[in-house]
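Numbering (my numbering), first residue to last: 40 to 115.
The beta carbon of each residue, even a glycine, is placed where N, CA and C say it ideally should be.
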């Protein structure tokens with residue numbers, strides 16, 4: 040399983056647990072806490088996955104820029 044997906048799924052489990060616990064303490068309702076705990080963290084997990092992908096692209100672009108800069112300095 041790709042590392043990004045593994046991280047996303049473990050983060051989702053953590054977030055579901057925290058979300059349910061907080062919602063239950065605040066509402067006292069298992070049904071309401073369950074609904075809140077499922078909707079918000081699931082959306083957050085998808086956002087987190089895209090966030091990780093964006094950072095990977097950023098890191099790759101930064102590394103490429105560094106190689107190009109070193110190549111230009113060596114050629115000068």
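Under the DSSP assignment, residue 60 falls in the alpha helix (DSSP H) whose first and last residues are 42-66. The Cβ atoms of residue 54 and residue 86 lie no closer than 8 Å to each other.
For residue 61 and residue 50, the gap between their C-alpha atoms comes out near 16 Å. For residue 41, same chain residues with a beta-carbon under 6 Å away, outside a window of 5 residues either side, do not exist. Residue nearest to residue 78 within the set 46, 96, 52, 90 is 52 (criterion: CA-CA distance). Excluding sequence positions up to five before and after residue 72, its CB lies within less than 7 Å of the CB of 59, 62, 63, 66, all in the same chain and listed in chain order.
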